[in-house]
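Asks: Protein chains in written order, with full-length UniProt numbering: chain A, 1 to 361; chain B, 1 to 452.
Before I ask anything, here is the structure I am working with.
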Amino acid sequence: MSESAKPHHPNPQGKGEKTHGSDFSYVGIDAILEQMRRKAMKQGFELNIMVVGQSGLGKSTLMNTLFKSKVSRKSVQPNPEERIPKTIEIKSISHDIEEKGVRMKLTVIDTPGFGDQINNENCWQPIMKFINDQYEAYLQEEININRKKRIPDSRVHCCIYFIPPTGHCLRPLDVEFMRRLSKVVNIVPVIAKADTLTLEERDFFKQTIREELRANGIDVYPQKEFDEDADDRMINDKIREMIPFAVVGSDQEYQVNGKRILGRKTKWGTIEVENIAHCEFAYLRDLLIRTHMQNIKDITGSIHYETYRVRRLNESNAHFSSHPSDHPAAQPKANGQPEVQHSAPQANGVAAQHEVLSHEM
Amino acid sequence: MQLPLLTESSRCFVLQLAATTMASTEIARQAGEGARAVPLAGHVGFDSMPDQLVNKSVNHGFCFNILCVGETGLGKSTLMDTLFNTKFEGEPTQHNQPGVTLKSNTYELQESNVRLKLTVVNTVGFGDQINKEDSYKSIVEFIDAQFEAYLQEELKIKRTLHSYHDTRIHACLYFIAPTGHSLKSLDLVTMKKLDSKVNIIPIVAKSDAISKSELAKFKIKITSELVSNGVQIYQFPTDDESVAEINSTMNSHLPFAVVGSTEEVKIGNKMVKARQYPWGTVQVENENHCDFVKLREMLIRVNMEDLREQTHTRHYELYRRCKLEEMGFKDTDPDSKPFSLQETYEAKRNEFMGELQKKEEEMRQMFVQRVKEKEAELKEAEKELHEKFDRLKKLHQDEKKKLEDKKKSLDDELNMFKQKKTAAELLYNQAQQAGGSTTLKRDKERKNLGFL
């Protein structure tokens, strides 16, 4: 039945074997693409995005703009004397969205209270813990004997970090946070509320940020070391020229030139969110959703998760025996007490082989 | 609130809503989190996700592994050649193999932009031995070895799963000889052993040897025998609506009766793959002649991905579970508290270390004992040697003494003889002086002197 649909005659070639000169008919190997697509549509996709930034930077609005629906509720503080939360909460809300038959389970993880206290020391700890907890849950499920057909993926695929539009440079809090988290999760820094910066200010700010990131050795997404081939590198280089994206979010629609578009209306004009001359929201959206979503998930799954797994298995290895080993057996620790994950393992001298991160905790 | 969805038609809108609710219930069931469905107010763009996924897979390449089980001479290699339209290497095998061996060959095929790493594993010598009791064993071992390799890779600490060349068998084509009667007992036994390890697709080989009516009866007989013996063959999946219909029709055509051929014959004005007989030509791709097209449809064009998935989620998981349980790992202990692999591993390790130590002790003791024994032996030997030495010395001294005595006696005799000689000479001289008359007497005396 698919025979008639394919008019061309591609030549399958055997390895190292001379192919015959006569004409070949179609085998149908490339029908597997269609099969994969069908399977993917049936299964649906999962995406977990975390938004981190001080309150009032427009995180929820940006999420709503990205996904064109109310996926994130703006935090409302009716009473001025209602205290700013003493600790950082981690709120995770899931939604099922569907577009043209493609179903996706989107989870937005909000971090209200980040950077809001007077003393912000160690404010990244709850977030790191959350991320590591998700890796832990996945690992536990993976090493089960009776495991589910599809392990539910709650790992944070992408963390959008909101930089306040000061126009000068990164604050120490930003640097600290990004430095620590870029090792465990894909970070996409964005300049929030970019409509307060003129274009020159914006370019200058971006350049400063890029230099500072480079100077501090912070590798944000797309990471240079994970480029697969020359094409990839070319595309990603273009993106790296543009990060951090200067975004404006809005879920209000206005009439501009006879079209209804999302924007922010001010007395001096209307900022169109999806207009690339106004802000870089469209680039962010394309990067996150339309082109690199699969890549983001892959890097999380095959690199960040694997790093965590290696560290975890080595840790429990060293904890239980005095031999550091590359023993080919999974030896996870029992009933993951949270504190063990963060304290350095007992000093057997083998602690040295673990990543610096575990000590910094 | 939100504007209505920017869709092509309102029908789509309604369908999407319905789908969303269905999807949400399904996913909510999965997640158990109560994720709510949210309608979208515009085009977000994640409908490109399947494309992204497909692109990634295309860049990565695919791999597919087929195992061909069947007696020698049933046309396995020819069928592979026909299916994939290339000439794979190898010559026909001999019939005198002492046991069943599995030969696997990997080929890289490319069609448009899809690269496929195809591995074809052939059973060499299946069914050729006189005693066929162990024929299935090497096949089962091979399949298990592939699972084991994957399991090892998955359990490694530093692993590279995404670039791992998956060698697990995705499909097993079981070639049934076209006797027209029923399955051979070898076939039943082998299929029974393989059905929980691999997706079995039974096919009737060289089916141009059976007539159409006989073929129908043969197929019915085969299916009923498989069912009555509890052999689970691979059923094409019927849960996805787009392929449910065709798959269920094909399910009723199992086992496929195939003919393979790589030679081309001119029919009408086209060159088709066919086998030419004096009484007619069997066209491979003619659905009236044989089920080759159905097999190709099902194996490659419709269900290749499902075969891979079944292998991974069903057969491999079963193997993994059995293997880990065998090694003593459990998920929960009797109090249904989750065990960890770590605890079990530790317990086993301590056990093992204890045994090791015990053995070491034993060995050490044995060694010490042996050393003692040897020492005693050597001491004995030394003592003996000393004694022997003493004895010999004594003997030597005795002999020496004897010899001295003898020498002494000989000396004495010699002295005596000398004395006698001088005495005799003296007498002779005296006698000569006294008168030399009795020469006879002298002669006698001389003789006597000579004798002394």
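Quick reminder that beta carbons are idealized off the backbone N, C-alpha and C, glycines included.
Which stretch, first to last residue, makes up the beta strand (DSSP E) that contains residue 385 of chain A?
Replies: An answer regarding residue 385 of chain A cannot be provided, because it is not within the stretch 1 to 361 covered by chain A.
Asks: Determine the closest residue to Lys70 of chain A out of B:Thr238, B:Gly42, B:Leu83 and B:Glu71, with distance taken between C-alpha atoms.
Replies: The residue labelled residue 70 of chain A in the question sits at position 70 within the first sequence. Among B:Thr238, B:Gly42, B:Leu83 and B:Glu71, the Cα nearest to that of Lys70 of chain A belongs to B:Gly42.
Asks: Against chain A, with Cβ distances strictly below 7 Å, would Met1 of chain B count as a contact?
Replies: Start at 1 with the first residue of the second sequence, and residue 1 of chain B comes out as number 1. Legend: pLDDT at Met1 of chain B = 40, less than 50; position of this residue unreliable, no value from coordinates given.
Asks: When the Cα atoms are used, what is the spatial distance from Glu176 of chain A to Gln207 of chain A?
Replies: Counting from one through the first sequence, the residue named residue 176 of chain A turns up at place 176. Counting from one through the first sequence, the residue named residue 207 of chain A turns up at place 207. Their Cα atoms are separated by approximately 19 Å.
Asks: Could you name the residues of the region 27-53 of chain A whose beta carbon sits closer than 7 Å to any beta carbon of chain B, in the order they occur along the chain?
Replies: Listed in sequence order: Val27, Gly28, Ile29, Asp30, Ala31, Ile32, Leu33, Gln35, Met36, Arg37, Arg38, Lys39, Ala40, Met41, Lys42, Gly44 and Phe45.
Asks: In angstroms with no decimal places, state the Cα-to-Cα distance between Arg147 of chain A and Ser77 of chain B.
Replies: As a working note, residue 147 of chain A is residue 147 in the first sequence. As a working note, residue 77 of chain B is residue 77 in the second sequence. Straight-line Cα distance between these residues: approximately 38 Å.
Asks: Quick check on Asn350 of chain B: buried or exposed, where buried means 16 or more other Cβ atoms within 10 Å of its Cβ?
Replies: Translated into the one-based positions of the second sequence, residue 350 of chain B becomes position 350. Under this definition Asn350 of chain B is an exposed residue.
Asks: Can you check whether the C-beta of Asn269 of chain B is within less than 7 Å of a C-beta belonging to chain A?
Replies: For this step, residue 269 of chain B is matched to residue 269 along the second sequence. With 7 Å as the cut-off, Asn269 of chain B does not count as an interface residue toward chain A.
Asks: Could you tell me whether any Cβ in chain A is nearer than 7 Å to the Cβ of Arg301 of chain B?
Replies: For the purposes of this step, residue 301 of chain B is identified with residue 301 of the second sequence, where counting begins at 1. Yes, its Cβ sits closer than 7 Å to a Cβ of chain A.
Asks: Decide if the region 274-284 of chain A is in contact with the region 246-254 of chain A; the criterion is three or more beta carbon pairs, one per stretch, under 8 Å apart.
Replies: Flag = yes, the region 274-284 of chain A and the region 246-254 of chain A touch.
Asks: Kindly indicate if chain B contains any beta-carbon less than 7 Å away from that of Leu313 of chain A.
Replies: Against the first sequence, residue 313 of chain A aligns to sequence position 313. Interface residue, yes.
Asks: Chain B beta carbons: is any one of them nearer than 7 Å to that of Pro328 of chain A?
Replies: As a first step, residue 328 of chain A is located in the first sequence; it is residue number 328 there, counting from the start. Because Pro328 of chain A carries a pLDDT of 41, less than 50, the predicted location of this residue cannot be relied on, and the following value inherits that uncertainty. Closer than 7 Å: yes.
Asks: Return helix, strand or coil for Asn247 of chain B, following the three-state DSSP convention.
Replies: The residue labelled residue 247 of chain B in the question sits at position 247 within the second sequence. Helix at Asn247 of chain B.
Asks: Any Cβ of chain B within less than 7 Å of the Cβ of Glu99 of chain A?
Replies: Here residue 99 of chain A refers to the residue found at position 99 of the first sequence. With 7 Å as the cut-off, Glu99 of chain A counts as an interface residue toward chain B.
Asks: With DSSP run on the structure shown, which of helix, strand or coil describes residue 386 of chain A?
Replies: This structure leaves residue 386 of chain A out entirely; chain A is present only between 1 and 361.
Asks: Using 10 angstroms around the beta-carbon of His253 of chain B, count the other beta-carbons present and answer buried if the total reaches 16, otherwise exposed.
Replies: Taking the second sequence and counting its residues from 1, one reaches residue 253 of chain B at position 253. His253 of chain B is exposed by the Cβ-count criterion.
Asks: Please go through the same chain and pick out, in chain order, the residues whose beta-carbon is closer than 6 Å to the beta-carbon of Ala329 of chain A, but skip the five residues on each side of it.
Replies: By one-based count along the first sequence, residue 329 of chain A stands at place 329. In this predicted model, Ala329 of chain A has a pLDDT of only 43, less than 50, meaning its place in the structure is not dependable enough to derive any value.
Asks: To the nearest angstrom, report how far apart Glu272 of chain A and His165 of chain B are at their CA atoms.
Replies: Within the first sequence, the letter at position 272 stands for residue 272 of chain A. Within the second sequence, the letter at position 165 stands for residue 165 of chain B. Cα to Cα, Glu272 of chain A sits roughly 49 Å from His165 of chain B.
Asks: Out of A:Gln140, A:Ile243 and A:Ile163, state which residue places its alpha-carbon closest to the alpha-carbon of Gly56 of chain A.
Replies: Translated into the one-based positions of the first sequence, residue 56 of chain A becomes position 56. Taking only the C-alpha atoms, the option nearest Gly56 of chain A is A:Ile163.
Asks: Closer than 7 Å, CB to CB, is residue 406 of chain A near chain B or not?
Replies: Residue 406 of chain A is absent from the model: chain A starts at 1 and stops at 361.
Asks: Quick check for students: name the residue ranges of the alpha helix (DSSP H) that lie wholly in the region 213-258 of chain B, counting only runs of 4 or more.
Replies: Within the region 213-258 of chain B, the complete alpha helix (DSSP H) runs of at least 4 residues are 241-253.
Asks: Considering just the uninterrupted stretch of the beta strand (DSSP E) at Cys169 of chain A, what are its terminal residues?
Replies: Position 169 of the first sequence, counted from the first residue, corresponds to residue 169 of chain A. Cys169 of chain A -> no beta strand (DSSP E), and no H or E assigned at all.
Asks: Taking beta-carbon pairs under 9 Å, can you tell me which members of the region 33-53 of chain B lie near chain A?
Replies: Here the close residues are Glu33, Gly34, Ala35, Arg36, Ala37, Val38, Pro39, Leu40, Ala41, Gly42, His43, Val44, Gly45, Phe46, Asp47, Ser48, Met49, Pro50, Asp51, Gln52 and Leu53.
Asks: Quick one: list the residues of chain B neighbouring Lys149 of chain A, beta-carbon separation under 7 Å, in chain order.
Replies: Position 149 of the first sequence, counted from the start, is the residue given in the question as residue 149 of chain A. By Cβ distance, chain B contributes Thr313.
Asks: Within a Cβ cutoff of 8 Å, which residues of the same chain sit near Phe46 of chain B, ignoring the five residues on either side of it in sequence?
Replies: Residue mapping note: residue 46 of chain B aligns to position 46 of the second sequence, counting from 1. Same-chain partners within the cutoff: there are none.
Asks: With distance defined between alpha-carbon atoms, name the residue in B:Asp208, B:Arg36 and B:Glu399 nearest to Ala274 of chain B.
Replies: Taking the second sequence and counting its residues from 1, the one referred to as residue 274 of chain B is at position 274. Selected option, being the one with the closest Cα: B:Asp208.
Asks: Below 8 Å on C-beta distance, what does Arg290 of chain A contact in chain B?
Replies: For this step, residue 290 of chain A is matched to residue 290 along the first sequence. Correct list: Gly45, Phe46 and Ser48.
Asks: Can Thr300 of chain A and His157 of chain A be called in contact, C-beta distance under 7 Å?
Replies: Here the question's residue 300 of chain A lines up with position 300 in the first sequence. Here the question's residue 157 of chain A lines up with position 157 in the first sequence. Their beta carbons are under 7 Å apart, which means Thr300 of chain A touches His157 of chain A by this criterion.
Asks: From the DSSP secondary-structure annotation, give me the bridge partner or partners of Ile143 of chain B.
Replies: Locating residue 143 of chain B in the second sequence gives position 143, where the first residue counts as 1. Paired residues: none, contrary to the question.
Asks: Taking CB distances under 7 Å as the criterion, tell me whether Met63 of chain A reaches chain B.
Replies: Locating residue 63 of chain A in the first sequence gives position 63, where the first residue counts as 1. Taking Cβ atoms only, chain B never reaches closer than 7 Å to Met63 of chain A, which makes this a no.
Asks: Taking just the CA atoms, how far does Asp286 of chain A sit from Ala230 of chain A?
Replies: Counting from one through the first sequence, the residue named residue 230 of chain A turns up at place 230. Counting from one through the first sequence, the residue named residue 286 of chain A turns up at place 286. If you take the alpha carbons of Ala230 of chain A and Asp286 of chain A, they lie about 21 Å apart.
Asks: Quick one: which chain A residues come within Cβ less than 7 Å of Met304 of chain B?
Replies: Position 304 of the second sequence, counting from 1, holds the residue named residue 304 of chain B. Result: Ile32 and Gln35.
Asks: Among A:Lys105, A:Met63, A:Glu200 and A:Ile143, which has the Cα closest to the Cα of Met41 of chain A?
Replies: By 1-based counting over the first sequence, the position of residue 41 of chain A is 41. Considering only alpha carbons, the answer is A:Lys105.
Asks: Measure the Cβ-Cβ separation of residue 453 of chain B and Ala31 of chain A and say whether it is below 7 Å.
Replies: Because chain B is modelled from 1 through 452, residue 453 of chain B falls outside the range shown and cannot be assessed.
Asks: Counting only C-beta atoms, is Ser250 of chain A closer than 7 Å to chain B at any point?
Replies: As a first step, residue 250 of chain A must be located in the first sequence, where it is residue number 250. It does not: the Cβ of Ser250 of chain A has no partner Cβ on chain B nearer than 7 Å.
Asks: So with CB distances below 8 Å, who are the chain B contacts of Val71 of chain A?
Replies: Mapped onto the first sequence, residue 71 of chain A falls at position 71. Simply Val38.
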